[in-house]
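Protein chains: 2
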Amino acid sequence: MNPPDDSARARMHGESPTRAARRRIRAADHRHHTAGLADSFVQANVCILPKAWADDFLLYCQRNPKPCPLLAVSDVGDPRLPALGQDIDIRSDVPAYCIFRDGELVDEMSDISGLWRDDLVTFALGCSFSFEWALLEAGIRLKHIERGESVSMYVTNVDTERAGRFHGKLVVSMRPLEPADAIRAIQVTSRFPRVHGAPVHLGSPSAIGIERLDQPYLGIGTTDVAPDELPVFWACGVTPHSAITAARPPLAITHKPGHMLITDLANASLASF
Amino acid sequence: MNPPDDSARARMHGESPTRAARRRIRAADHRHHTAGLADSFVQANVCILPKAWADDFLLYCQRNPKPCPLLAVSDVGDPRLPALGQDIDIRSDVPAYCIFRDGELVDEMSDISGLWRDDLVTFALGCSFSFEWALLEAGIRLKHIERGESVSMYVTNVDTERAGRFHGKLVVSMRPLEPADAIRAIQVTSRFPRVHGAPVHLGSPSAIGIERLDQPYLGIGTTDVAPDELPVFWACGVTPHSAITAARPPLAITHKPGHMLITDLANASLASF
Numbered sequence: 001m002n003p004p005d006d007s008a009r010a011r012m013h014g015e016s017p018t019r020a021a022r023r024r025i026r027a028a029d030h031r032h033h034t035a036g037l038a039d040s041f042v043q044a045n046v047c048i049l050p051k052a053w054a055d056d057f058l059l060y061c062q063r064n065p066k067p068c069p070l071l072a073v074s075d076v077g078d079p080r081l082p083a084l085g086q087d088i089d090i091r092s093d094v095p096a097y098c099i100f101r102d103g104e105l106v107d108e109m110s111d112i113s114g115l116w117r118d119d120l121v122t123f124a125l126g127c128s129f130s131f132e133w134a135l136l137e138a139g140i141r142l143k144h145i146e147r148g149e150s151v152s153m154y155v156t157n158v159d160t161e162r163a164g165r166f167h168g169k170l171v172v173s174m175r176p177l178e179p180a181d182a183i184r185a186i187q188v189t190s191r192f193p194r195v196h197g198a199p200v201h202l203g204s205p206s207a208i209g210i211e212r213l214d215q216p217y218l219g220i221g222t223t224d225v226a227p228d229e230l231p232v233f234w235a236c237g238v239t240p241h242s243a244i245t246a247a248r249p250p251l252a253i254t255h256k257p258g259h260m261l262i263t264d265l266a267n268a269s270l271a272s273f
Numbered sequence: 274m275n276p277p278d279d280s281a282r283a284r285m286h287g288e289s290p291t292r293a294a295r296r297r298i299r300a301a302d303h304r305h306h307t308a309g310l311a312d313s314f315v316q317a318n319v320c321i322l323p324k325a326w327a328d329d330f331l332l333y334c335q336r337n338p339k340p341c342p343l344l345a346v347s348d349v350g351d352p353r354l355p356a357l358g359q360d361i362d363i364r365s366d367v368p369a370y371c372i373f374r375d376g377e378l379v380d381e382m383s384d385i386s387g388l389w390r391d392d393l394v395t396f397a398l399g400c401s402f403s404f405e406w407a408l409l410e411a412g413i414r415l416k417h418i419e420r421g422e423s424v425s426m427y428v429t430n431v432d433t434e435r436a437g438r439f440h441g442k443l444v445v446s447m448r449p450l451e452p453a454d455a456i457r458a459i460q461v462t463s464r465f466p467r468v469h470g471a472p473v474h475l476g477s478p479s480a481i482g483i484e485r486l487d488q489p490y491l492g493i494g495t496t497d498v499a500p501d502e503l504p505v506f507w508a509c510g511v512t513p514h515s516a517i518t519a520a521r522p523p524l525a526i527t528h529k530p531g532h533m534l535i536t537d538l539a540n541a542s543l544a545s546f
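Line order of the protein sequences matches chains A and B. If you count by the numbering used here, then the first sequence holds residues 1 to 273, one letter each, in order. If you count by the numbering used here, then the second sequence holds residues 274 to 546, one letter each, in order.
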């Protein structure tokens, strides 16, 4: 008989799968990406900024809700996010962090307790994993997931709404879908405005400044669109990261892409109707 | 001072605009199309069939809710439709009727009292005027309306679900929209399943068997799609007419295209959320 896996063991002990996943991450037992972990629960993008920059960033999120859908903002200096999980300690509960100084990536860490300061503010933002869960639940097949590839992302020529020092171009993710699935995907994701919501564009990539679909941002992802498919574009959580690096705050800490904060919110609970 | 128009006079007398419009139609004071009449209220497609054909047609509508969204079905032999308006008499309240015998158009009339029989059943089906109202309310511009043209319709290669003697290809209407408006239009019309609901297709016309956009059904309508637009296709209320003429019942009576039954239902009341 095989030993029970971690989530089965957690259930045997009455622990929720999300709390169990965070416990493993906190203990540095899980340092890799979080795709598929507790996958009916919301995973969040994380940005941590000094208070002197946080007010502008909060306004930036308010003005750009599609790429920057806020799930929770911490109190100043408080590493907890009780709205997303009573036990969350943002200093240890993300598998990998990126440390930016003056807009430059200078380090990666699996725990930021040593960097914590009384003036830091944590922003947790919705992530496309949640709407991809909703699409899969609705029976829509996603090519990049079936292939085990990343979704492809692109920098558009669409300006986000500036807020103080934060500004930049909208970054989008693209999923190729047949027309009937594209219509259904618009319906399904419209119900989830807190995790990017409905697409921002579909069809012609050049209409939003994307000249080549085969050259995505970071050079990774599924980029082929079949003749019977349309490229469908959603606002992407890389947009705030891009705005943060452009604004060059003295310190900014984010999750490492794909290495998300696991929350206690069920994806289904975010449906607006 | 100009004399008050009919709807102003109706309001002065405490009569609803829909009841006033029907009164004028019943008196044969209004024999032309109904576009723009009481335009925040639902207008309905009408099909009248003998009972011997009505059960199959009811099943056809049940199996094909996007082209044939039922608003109301009368009792056998009863010319009233109280669910749509207490005073409706279907024998006189449509400005113009088409009379089909064995599937052939044989006459047009402005009153069918002389043809009424104890075995006739009336079907009232949702119409695109209602979702176009919702699109305009949402600030989406519709090229054919701005030009005062008809919407263009096309016979697709998509089979409807057969029910007894009723069958045929899906007929669609097409509206050219920029991508962001297409996304918004999908959201808006999804809320109105009783008036055709969300589009059935967008993008490539040939994917649903439409070889030439410039050759619409009946040869009329706005057909030009700009380079920054997508053709967006909705299921169309011409589909049941097409199925009826194909089935060749000995008698079928429909409204004349564009000459609809005006009901007391507010368009807004049909929103499903």
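Positions of the beta carbon are idealized from the N, C-alpha and C atoms, including for glycine.
Non-local beta-carbon contacts of residue 45(A) in its own chain, meaning distances under 6 Å to residues more than five positions away in sequence, involve 125, 127, 237 in chain order. Comparing alpha-carbon positions, the option among 521(B), 325(B), 526(B) lying closest to residue 440(B) turns out to be 521(B).
Taking residue 210(A) as the centre and dropping the five residues before and after it, the same chain places the C-beta of 154 closer than 6 Å to its C-beta, in chain order. With a threshold of 9 Å between beta carbons, residue 412(B) makes no contact with chain A.
Contact with chain B is absent for residue 96(A), since none of that chain's Cβ atoms lies less than 9 Å from the residue's Cβ. Residue 497(B) is positioned such that its CB atom lies closer than 9 Å to that of residue 449(B). Using a Cβ-Cβ distance cut-off of 8 Å, the region 142 to 160 of chain A and the region 103 to 114 of chain A are not in contact, since fewer than three pairs of beta carbons, one from each stretch, lie closer than that value.
A Cβ-Cβ contact shorter than 9 Å links residue 184(A) with residue 138(A). Judged by DSSP secondary structure, residue 359(B) falls outside any alpha helix (DSSP H); it is assigned neither H nor E. In the same chain as residue 523(B), and ignoring 5 residues on each side of it, the C-beta atoms closer than 8 Å to its own belong to 323, 374, 375, in chain order. Secondary structure at residue 341(B): coil, using DSSP grouped into helix, strand and coil. According to the DSSP secondary-structure assignment, residue 382(B) is paired through a beta bridge with 370(B). Ranking 203(A), 93(A), 52(A) by CA distance to the CA of residue 226(A) puts 203(A) first. For residue 534(B), no alpha helix (DSSP H) segment is defined; the enclosing uninterrupted segment is the beta strand (DSSP E) at 534 to 539.
At a Cβ-Cβ threshold of 9 Å, residue 519(B) and residue 444(B) do not count as neighbours. Interface flag for residue 475(B) against chain A is set, since a Cβ pair is found closer than 9 Å.
For residue 407(B), not one C-beta of chain A is nearer than 9 Å to its own C-beta. In chain order, 85, 87, 88, 93, 262 place their CB closer than 8 Å to the CB of residue 22(A), counting only its own chain and leaving out the 5 sequence neighbours on each side.
The region 24 to 35 of chain A makes no contact with the region 57 to 68 of chain A, as fewer than three CB pairs between them are under 8 Å. Inclusion of residue 347(B) and residue 541(B) in the CB contact set at 9 Å is not warranted, their separation being larger than that value. Under the three-state reduction of DSSP, residue 484(B) is assigned to coil, being neither helix nor strand.
In the three-state reduction of the DSSP assignment, residue 377(B) falls in the strand class.
DSSP, reduced to helix, strand and coil, places residue 542(B) within a helical segment of the structure shown.
Rounded to whole angstroms, the gap between the alpha carbons of residue 72(A) and residue 418(B) is 44 Å.
In this chain, the alpha helix (DSSP H) harbouring residue 240(A) covers 238 to 247.
At least one C-beta of chain A is nearer than 9 Å to the C-beta of residue 471(B). With respect to the 9 Å criterion, residue 47(A) and residue 252(A) are classified as neighbours on the basis of their beta carbons. Residue-level contact check: residue 432(B) does not touch chain A, since none of the beta carbons of chain A fall below 9 Å from its beta carbon. When the alpha-carbon of residue 446(B) is set against those of 487(B), 438(B), 435(B), 453(B), the nearest one is in 487(B).
Counting C-beta atoms within 10 angstroms of its own C-beta, residue 452(B) has 16 or more neighbours from the protein chains shown and is therefore classed as buried.
The contact set of residue 463(B) on chain A, defined by CB atoms closer than 7 Å, consists of 187 in chain order.
In the DSSP assignment, residue 231(A) is bridged to 176(A). Per DSSP, the beta bridge partners of residue 154(A) are 172(A). In summary, the residues of the region 446 to 459 of chain B whose CB is separated from some CB of chain A by less than 9 Å are 451, 452, 453, 455, 456, 457, 459, in the order they occur in the chain. At a cut-off of 9 Å between beta-carbon atoms, residue 273(A) makes contact with chain B.
Judged by DSSP in its simplified three-state form, residue 195(A) adopts helix.
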